[in-house]
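Residue numbers (my numbering), protein chains in the order written: chain A, 1020 to 1257; chain B, 1333 to 1622; chain C, 933 to 1279.
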Amino acid sequence: MSRLLEVKDLHASYGATRVLHGIDLSMREGSVTALLGANGAGKTTTLRALCQMMVSTRGAIQLDGKRTDGRATEDIVRLGVAHVPDGRGTFHGLSTEDNLRLGAYLRKDKAAVAEDFERIYAYFPRLKERRRQQAGTLSGGEQQMLAIGRALMSRPRLLLLDEPSFGLAPLIVRDIFDIMRRINEEEKVSILLVEQNASLALDIADAVYLLETGRIVLSGTPQDVRDNDAVRRVYLGE
Amino acid sequence: MEAFLHQFLSGLATGGIYASMALALVMIYQSTHHVNFAQGEMAMFSTYIAWLLIQAGVPYWLAFGATVILSFAMGALVELAVIRPVRNAPVLSVVVVFIGLMVIFHSLAGWLFGFTIKQFPSPFPSNAWYGSTFMSPHEVGAIAVTLAVMAALFLFFRFTPLGLAMRAAAQNPVSSRLVGVNVGRMLMLGWGLAGAVGAIGGMMVAPVVFLDPHMMGGVLIYAFAGALIGGIDNPAGAVLGGFIVGVLENLIGSYVVGTELKLSVALVLIVVVLIVRPSGLMGKTIVTKV
Amino acid sequence: MPPAPQLLPDDTPTMSSVNPLAPATSPVVPAASRVWHPALWLALPLLAALAFPFVAKGYLIFQATMVLSYAVALLGLNILTGYNGQISLGHGAFYAIGAYAAAILIDQASMPYWATIPVAGLFCLVAGYLFGLPALKLEGLYLALATFALAVATPQLLKYKHLEAWTGGVQGIVLMKPDAPFGLPLSQDQWLYLFSLAVTVVMFLLARNLLQSGVGRAITAIRDNPLAAETMGVNNRHYKASVFGVSAMYTGVGGALSAIAVQFVAPDSFTMFLSISLLVGIVVGGVGTISGAFYGALFIMFVPSAAEKVSKAAPWAVYGLVLILFVFVLPGGVAGLINRFRQRRHA
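And the structure:
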């Protein structure tokens, strides 16, 4: 199994504030990896560091064997990474359709892009209904769908998801996680999932990392996490 | 009644110039949230370049095209070299840099081309069929050119991938990077377009007011007023605002305060709009979250 | 990411560290090694300034008087823009109002010249406050825009034919230079210089006291974090409008002094170039400093006229280059440079 993502001794800071203190992380191609941790543990920072977005980093990040630390965000994206940030990052002033179109900005295969539009609309019928509507007027759940849809429009190899369940009704969350499973199984998209809702993440993941104040304290399979009493109590509330 | 109509139409003609400049201002504002105080002087400098080419014997429309391209390049270069380094600086630093730019372009024109007034040709012959007692051929032509530029920009921004990318970069640079847009390049493009639009505005106004380094000083103020009235983040609004200011300037100047106080009219307009309705007629109301 | 160049440093120093008029206390330095007593920083320049008119020739004395008038004007702009963060590109208008007020009072009301200074100042205080009220709604960029428009419109307003009876229209108003009082053996230039010096010293002392007081802290708090200031009980509206008034008053007093010195006011003396000169003055001198007003005044007095000998376009070119250069290279202005130098010597 080839290593899609390899992170070694990653430190990340916002200005003078250090958030990540040397984390190691790796992902196989085709995996769904969950990154768990409490508020402020550094989960979002990790995803941002992978995209070199708003943080300064030290340490090695390798995507498919190529070093990506120190490169511009737009160049990393070009390598097949799609990031659905916390806060969704939709373009509020543009239409739903335009948002999706931007997801395909780097692609040149027009016919395939048109197909992908239909695919995304099939996953998220509500987006098709509202495709000419301004994205800022969509509900929270719809914006989340739009953000994921936009990420998928780039046909990424690695999808980074930052708290997709945040602020959403349980039914919508279930739908979104179903779609994520489908994407992973059918289209072989690797997913690095940051979630506060640990049980949701454990259901879908095949590898887990636990982050605590900027350090990895546990890594393994979901079962490893469930078997660990202390972790279970703190993060799963049992 | 005839006089009124004449003033109204004349106002529309100058309004077209203000609309072009206002559009250039809004384009830069949209992508950077900065007001380009140097827009007028850059446009004036571009017009001098056109003048130089025409003096050298280059046919008008060729010179026009070359100037537009050169102005595009000039705008993009200014963004890269001067504006990009201060993009995160506090407002005062940015304003000072813009004023510095304005002053440099002004003095550069004066130094290179002198301060004597020069004539600038109009491509619209004075006996053309589309002239009338109400509007000279140049006035008609200037409005047509302005509208053509508007239309071209509208189509560009609305229907091309690059236009979409530029709009995205202006609205949300972080997310734009996440879809692979090179925000820096979009900024350069925006400035280049603004430079080109400004150049066109300059070349349309020069035949009327004659070319000298002070040509655009007042025009800039009117363009500001137009952009504010229309909505400083709305291109269509800027165009509308420009025409409104042109007409108001002429009407108020002719019928109310006399032509000597026209600039003060613009000043009052600016202040009133900023106080009463800062988002302008068509802009989005910006609510600052506390 | 490289740090963004800014005119006001992140750790914007408090008054005492940038203002050489205040005693420079440095607890690290043992008293014995300090050759220069802090009060010398103030006394020496003052003595030099007093001695100056007796060693210099007439025209140079006049230029020095103009430097003083610019210094007071720049102090006004600095109070508004440097200390309170409201950007004005149109302060030339207040300079003009002060100058014209003095001129009209002398010419039409036969007021003695020395009385016109406080009256012009008061007039500008009110005018500034009234302008500051609507300006309350304008933030940073928009205020810059509005004041820019004001600067461009000022000459036109001054030439307005319905005000001609007072302003003298395009020709302006001509004044007479006053003689030294009480038969003192001073030339007109010398007396005028000393008079302006006295006014300048008073204005600077008042400013220093204001800016070092609680009021001064409130003023800078508004600049640094208006929301926080508001929540701490600072009435932003009142302060900002008042600061506008005080700033206009200072610049107006500068204008009044210049009118008396030049003996002449006309609309074309108060163009956009003047407003930009004032901006250049505070940038070169040091935004948010008191001493910067002097350095800036020296700059705008002497550099443009020297540049003009090279070419007509040169003064503007120098201004433009200086503005951009200072933002990138010397954001603290000359005052900031001097301060760094002093701190290094004391360290």
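The C-beta atom is built at its ideal place from N, Cα and C for all residues, glycine as well.
Simplified DSSP state of residue i, which is helix, strand or coil
i         : result
B:His1438 : helix
C:Ser1243 : coil
A:Glu1025 : strand
B:Ser1586 : helix
A:Glu1048 : coil
A:His1011 : Any question about residue 1011 of chain A goes unanswered here, given that chain A covers just 1020 to 1257.
C:Phe1196 : strand
A:Arg1234 : strand
C:Leu1292 : Residue 1292 of chain C is absent from the structure shown; chain C starts at 933 and stops at 1279.
A:Gly1239 : strand
B:Leu1543 : strand
C:Ser1145 : coil
C:Ala954  : Note that C:Ala954 scores 26 on pLDDT, short of 50, meaning its location in the model is unreliable; the coordinates nonetheless yield the value given after this. Looking at C:Ala954 - three-state DSSP - the assignment turns out to be coil, as it is neither helix nor strand.
B:Ala1375 : helix
C:Ser1119 : coil
A:Ala1226 : strand
C:Val1102 : coil
C:Ile1222 : coil
A:Leu1212 : strand
A:Ser1114 : strand
B:Ser1611 : coil
B:Thr1478 : helix
C:Tyr1092 : coil
C:Phe1114 : helix
B:Glu1366 : First, the residue type needs correcting, since residue 1366 of chain B is His and not Glu in the sequence shown. Three-state DSSP puts B:His1366 in coil, outside helix and strand.
A:Gly1108 : coil
B:Met1359 : helix
Exposure of residue i, with buried meaning 16 or more beta-carbon neighbours within 10 Å
i         : result
B:Phe1377 : buried
B:Tyr1587 : exposed
A:Leu1023 : buried
C:Ala956  : Its pLDDT being 35, under 50, C:Ala956 is placed unreliably by the model, and nothing is read from it.
C:Leu1269 : exposed
A:Ala1226 : buried
A:Glu1204 : exposed
B:Trp1401 : A quick correction: the sequence has Ile, not Trp, at residue 1401 of chain B. Exposed is the call here.
B:Val1605 : buried
B:Ser1464 : exposed
B:Arg1509 : buried
B:Met1308 : This structure cannot speak to residue 1308 of chain B, because chain B is shown only from 1333 to 1622.
B:Thr1379 : buried
C:His1023 : buried
C:Ser1237 : exposed
C:Val950  : Reliability fails at C:Val950, whose pLDDT of 35 lies under 50, so the model's placement of it is uncertain and the value that follows must be treated cautiously. Burial call: buried.
Interface partners of residue i on chain B, CB under 8 Å
i         : result
C:Thr1013 : Leu1424
C:Ile1019 : Val1423, Leu1424, Val1427
C:Ile1208 : Ile1431, Val1435
C:Leu1211 : Val1428, Ile1431
Within chain B, the residues that residue i reaches when beta carbons sit closer than 9 Å
i         : result
A:Leu1072 : Reading the sequence as shown, one finds Met at residue 1072 of chain A and not Leu. Within 9 Å Cβ-Cβ: Val1506, Arg1509, Leu1510.
C:Leu1070 : Val1603, Leu1606, Ile1607, Pro1610
C:Ala1249 : Val1435, Ile1436, His1438, Ser1439, Leu1440, Gly1442, Trp1443
Contacts of residue i in chain B (Cβ-Cβ under 7 Å)
i         : result
C:Ser1243 : Trp1443
A:Phe1110 : Ala1500, Gln1503, Asn1504, Ser1507
C:Val1215 : Val1428
7 Å Cβ cut-off: residues of chain C touching residue i
i         : result
B:Lys1385 : The sequence shown places Leu at residue 1385 of chain B, not Lys. Within 7 Å Cβ-Cβ: nothing; B:Leu1385 doesn't reach chain C, min ~21 Å.
Partner residues on chain A for residue i, Cβ-Cβ distance less than 9 Å
i         : result
B:Leu1519 : Near B:Leu1519 there are no residues of chain A at all, since even the closest Cβ is about 13 Å away, more than 9 Å.
B:Ala1497 : Leu1121, Tyr1124
Contact list for residue i against chain A, beta-carbon separation under 7 Å
i         : result
B:Asn1514 : Glu1093
Cross-chain neighbours of residue i in chain C, by beta carbon under 8 Å
i         : result
B:Ile1553 : Phe1080, Ala1081, Val1084, Ala1085
Original post:
Going along the segment 1073–1097 of chain C in order, which residues come within less than 8 Å of chain B, judged by CB to CB distance?
Top reply: Of all residues in the segment 1073–1097 of chain C, Leu1073, Tyr1074, Ala1076, Leu1077, Ala1078, Phe1080, Ala1081, Leu1082, Val1084, Ala1085, Gln1088, Leu1089, Lys1091, Tyr1092, Lys1093 have a Cβ within less than 8 Å of some Cβ in chain B.
Subject >> Minimum length 4: unbroken alpha helix (DSSP H) runs contained in the segment 1009–1089 of chain C >> reply: Complete alpha helix (DSSP H) runs here, min 4: 1024–1040, 1045–1067.
**OP:** Name, going along the chain, the residues of the segment 1251–1266 of chain C whose beta-carbon falls closer than 9 Å to a beta-carbon of chain B.
**Re:** Those residues of the segment 1251–1266 of chain C that come within reach of chain B (Cβ to Cβ, closer than 9 Å) are Tyr1251, Gly1252, Leu1253, Val1254, Leu1255, Ile1256, Leu1257, Phe1258, Val1259, Phe1260, Pro1263.
**OP:** Scan the segment 1121–1193 of chain A and note each continuous beta strand (DSSP E) run of 3 residues or more that stays entirely inside, going in chain order.
**Re:** Within the segment 1121–1193 of chain A, the complete beta strand (DSSP E) runs of at least 3 residues fall at 1177–1181.
Subject >> alpha helix (DSSP H) runs contained entirely in the segment 1030–1091 of chain A, provided each spans 4 or more residues >> reply: As far as the segment 1030–1091 of chain A is concerned, its whole alpha helix (DSSP H) runs of at least 4 residues are 1062–1070.
Subject >> Near-chain A residues of the segment 1475–1498 of chain B (beta-carbon distance less than 9 Å), N- to C-terminal order >> reply: Within the segment 1475–1498 of chain B, the residues whose Cβ lies closer than 9 Å to some Cβ of chain A are Pro1493, Leu1496, Ala1497, listed in chain order.
**OP:** At 4 residues or longer, and completely inside the segment 1388–1473 of chain B: list those alpha helix (DSSP H) runs for me, N to C.
**Re:** List check, alpha helix (DSSP H) in window: 1392–1410, 1423–1445.
**OP:** With a floor of 4 residues, list each alpha helix (DSSP H) that falls wholly inside the segment 1521–1570 of chain B, ordered by position along the chain.
**Re:** DSSP runs (the alpha helix (DSSP H)) wholly in the segment 1521–1570 of chain B: 1547–1562.
Subject >> Where the segment 1570–1598 of chain B meets chain C: residues whose CB sits under 7 Å from a CB there >> reply: If the cut-off is 7 Å between Cβ atoms, the segment 1570–1598 of chain B has Glu1592, Leu1593, Leu1595, Ser1596, Ala1598 near chain C.
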